[in-house]
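Quick notes on the structure that follows.
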Amino acid sequence: PTTRRLENRATVLESIKTAGAVFGEGFRAFITDWDKVSATAAGVTLLALGVYSAKLGTGIAARYVEMRLGKPSLVRDTSRLTVMEAIKHPIRTARQLTSKPTDALKGVVLDPKLEERLRDIAIATRNTKKNKGMYRNILMYGPPGTGKTLFAKRLAQHSGMEYALMSGGDVAPMGREGVSAVHKVFDWSQTSRRGVLLFVDEADAFLRKRSSEMISEDLRATLNAFLYRTGEQSNKFMLVLASNTPEQFDWAVSDRVDEMVEFRLPGLEERERMVRLYFDKFVLQPASEGKRRLKVAQFDYSKLCSEIARITEGLSGREIAKLGVTWQAAAYASDDGVLTETMIMDRVHDAVKQNRQKVAWQTEEEHRKRTPGGFSSSTTPYTSPSALPPSFAASS
Numbered sequence: 001p002t003t004r005r006l007e008n009r010a011t012v013l014e015s016i017k018t019a020g021a022v023f024g025e026g027f028r029a030f031i032t033d034w035d036k037v038s039a040t041a042a043g044v045t046l047l048a049l050g051v052y053s054a055k056l057g058t059g060i061a062a063r064y065v066e067m068r069l070g071k072p073s074l075v076r077d078t079s080r081l082t083v084m085e086a087i088k089h090p091i092r093t094a095r096q097l098t099s100k101p102t103d104a105l106k107g108v109v110l111d112p113k114l115e116e117r118l119r120d121i122a123i124a125t126r127n128t129k130k131n132k133g134m135y136r137n138i139l140m141y142g143p144p145g146t147g148k149t150l151f152a153k154r155l156a157q158h159s160g161m162e163y164a165l166m167s168g169g170d171v172a173p174m175g176r177e178g179v180s181a182v183h184k185v186f187d188w189s190q191t192s193r194r195g196v197l198l199f200v201d202e203a204d205a206f207l208r209k210r211s212s213e214m215i216s217e218d219l220r221a222t223l224n225a226f227l228y229r230t231g232e233q234s235n236k237f238m239l240v241l242a243s244n245t246p247e248q249f250d251w252a253v254s255d256r257v258d259e260m261v262e263f264r265l266p267g268l269e270e271r272e273r274m275v276r277l278y279f280d281k282f283v284l285q286p287a288s289e290g291k292r293r294l295k296v297a298q299f300d301y302s303k304l305c306s307e308i309a310r311i312t313e314g315l316s317g318r319e320i321a322k323l324g325v326t327w328q329a330a331a332y333a334s335d336d337g338v339l340t341e342t343m344i345m346d347r348v349h350d351a352v353k354q355n356r357q358k359v360a361w362q363t364e365e366e367h368r369k370r371t372p373g374g375f376s377s378s379t380t381p382y383t384s385p386s387a388l389p390p391s392f393a394a395s396s
């Protein structure tokens, strides 16, 4: 066995020597032939260049596809179609592509003077698109639930543009990623053939004054990116900002706004129109269809709607719309499915009471901000009587 191991060892050593000699001769022959050396070097260089180009090209192609087809992460809702949505919903896609421009104020109940002004904006925007002009940027401000978002959608549809909705509150949590996210939104908007109405709700959440101590460095950088992309008028996108506190805007943001429109809480006439609209939509129509478990007791509908409009001063259009849903739910929850006048008024009084509490909370928060050291729990928050229904204001 010892002799066999020695023979195997000698065989292995001889094989190694032979392989080394062959490799050495081959390498010596290679390096002495400059044509082979040059060809090999060129081949390796081209291979490395090809790999790098393929990697770079793939990245560029991916960004192009994302910009053209993908929806940016900051965009919550959009009428712009993507390839995947077109495949999943072909009928809805065809209907959307063949739809005609609609009335910009359809389904929107507003003060007559405000309606007239908004209609002028809608006509001007539509003609701007037809003539490939520069869009004007708009600031819509006022209490929440007064129709700002709804009008923005209707304006885009009326003008034949696509709309994209984003919230300023989504930008701050992104930190350093906010800058690239904002650029992606504007890059995506630039690729639209129809033009994009970019609606920014709660815009003051990230477009506030740069001198404020409440703004971080990341948010300041994001604001600068936004200002850079909106420094000039565009024929690709129209910027519509919405805010409850427009005084917090950075001066450079205000400078980019061409027109400011105030949306106020509905007056008596508007509230009555809304109450009748939603009473018909959520109560009378379902009851007349006969397919649902909903019936309406006999009472003077017109008189009741007028009374509801009178006592709901201070409620927004959204809160009045929610009343219609609560009336319907009350009927479905009853034993016999009959909606009575008492049930309706109970829900109305609840809504008014809840609205009063919201106003009190808001007043307390504003008082806390103005008072050094915060709000004292022993102090009763002041609530403006004009912000409350007459019955509550009189009793305060």
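Sequential numbering from 1 applies to the sequence shown in UniProt numbering.
Don't be surprised by glycine CBs; every beta carbon is placed ideally from N, CA and C.
Does DSSP put residue i in a helix, in a strand, or in coil?
{"i": "Ile-138", "result": "strand"}
{"i": "Lys-295", "result": "strand"}
{"i": "Arg-210", "result": "coil"}
{"i": "Phe-202", "result": "Reading off the sequence, residue 202 comes out as Glu, not Phe. Three-state result, Glu-202: coil."}
{"i": "Phe-263", "result": "coil"}
{"i": "Glu-232", "result": "coil"}
{"i": "Ser-306", "result": "helix"}
{"i": "Ser-73", "result": "coil"}
{"i": "Val-171", "result": "coil"}
{"i": "Met-343", "result": "helix"}
{"i": "Met-238", "result": "strand"}
{"i": "Ala-164", "result": "strand"}
{"i": "Thr-363", "result": "helix"}
{"i": "Val-352", "result": "helix"}
{"i": "Ala-61", "result": "Because Ala-61 carries a pLDDT of 44, less than 50, the predicted location of this residue cannot be relied on, and no value is offered for it."}
{"i": "Leu-197", "result": "strand"}
{"i": "Val-338", "result": "strand"}
Comparing alpha-carbon positions, which option in the options lies nearest residue i?
{"i": "Trp-327", "options": "Asn-131, Arg-136 and Tyr-278", "result": "Tyr-278"}
{"i": "Gln-285", "options": "Thr-312, Lys-358, Asp-120 and Gly-324", "result": "Gly-324"}
{"i": "Asn-137", "options": "Val-240, Leu-47 and Arg-229", "result": "Val-240"}
{"i": "Lys-322", "options": "Arg-271, Trp-188, Arg-5 and Val-75", "result": "Arg-271"}
{"i": "Ala-152", "options": "Ser-288, Asp-77, Gly-175 and Ala-331", "result": "Asp-77"}
{"i": "Gly-175", "options": "Tyr-135, Ala-124, Ser-212 and Leu-223", "result": "Leu-223"}
{"i": "Leu-114", "options": "Lys-148, Trp-361 and Glu-307", "result": "Lys-148"}
{"i": "Val-75", "options": "Ile-320, Val-196, Thr-312 and Thr-146", "result": "Val-196"}
Taking its Cβ as the centre, do 16 or more other Cβ atoms sit within 10 Å of residue i, making it buried, or is it exposed?
{"i": "Asn-355", "result": "buried"}
{"i": "Pro-173", "result": "exposed"}
{"i": "Ser-15", "result": "exposed"}
{"i": "Glu-121", "result": "Per the sequence shown, residue 121 should be read as Ile rather than Glu. That one is buried."}
{"i": "Lys-17", "result": "exposed"}
{"i": "Leu-315", "result": "buried"}
Could you give the distance in angstroms between the alpha-carbon of residue i and the alpha-carbon of residue j?
{"i": "Leu-155", "j": "Gly-43", "result": "60 Å"}
{"i": "Arg-217", "j": "Arg-293", "result": "Just to set this straight, residue 217 is Glu in the shown sequence, not Arg. Their backbone Cα atoms lie some 57 Å apart in a straight line."}
{"i": "Leu-13", "j": "Glu-25", "result": "18 Å"}
{"i": "Gln-233", "j": "Pro-72", "result": "22 Å"}
{"i": "Val-182", "j": "Thr-191", "result": "15 Å"}
{"i": "Leu-198", "j": "Lys-281", "result": "30 Å"}
{"i": "Arg-276", "j": "Leu-268", "result": "12 Å"}
{"i": "Asp-187", "j": "Gly-50", "result": "29 Å"}
{"i": "Cys-305", "j": "Val-283", "result": "12 Å"}
{"i": "Gly-178", "j": "Arg-310", "result": "46 Å"}
{"i": "Ala-330", "j": "Glu-289", "result": "18 Å"}
{"i": "Phe-226", "j": "Met-214", "result": "18 Å"}
Spell out a yes or no on whether the segment 280-298 and the segment 336-355 are touching, meaning 3 or more CB-CB pairs, one atom from each, closer than 8 Å.
Counting C-beta pairs with one atom in each stretch, the segment 280-298 and the segment 336-355 have three or more that are closer than 8 Å, which means they touch.
Would the segment 244-258 and the segment 202-213 be scored as touching if the rule is three or more Cβ pairs under 8 Å?
Short answer: they touch.
Does the segment 108-117 come close enough to the segment 254-274 that 3 or more CB-CB pairs lie under 8 Å?
Under the Cβ criterion (8 Å, minimum of three pairs), the segment 254-274 counts as touching the segment 108-117.
Evaluate the contact criterion for the segment 332-339 versus the segment 348-368: three or more CB pairs, one atom per stretch, below 8 Å.
Verdict: no, contact absent.
Evaluate contact between the segment 235-244 and the segment 140-151, counting only Cβ atoms and requiring at least three cross-stretch pairs below 8 Å.
At 8 Å Cβ cutoff, the stretches touch.
For the segment 153-168 against the segment 184-199, do three or more pairs of beta-carbon atoms, one drawn from each stretch, fall closer than 8 Å, so that the two count as touching?
By the criterion of at least three beta-carbon pairs nearer than 8 Å, the segment 153-168 is in contact with the segment 184-199.
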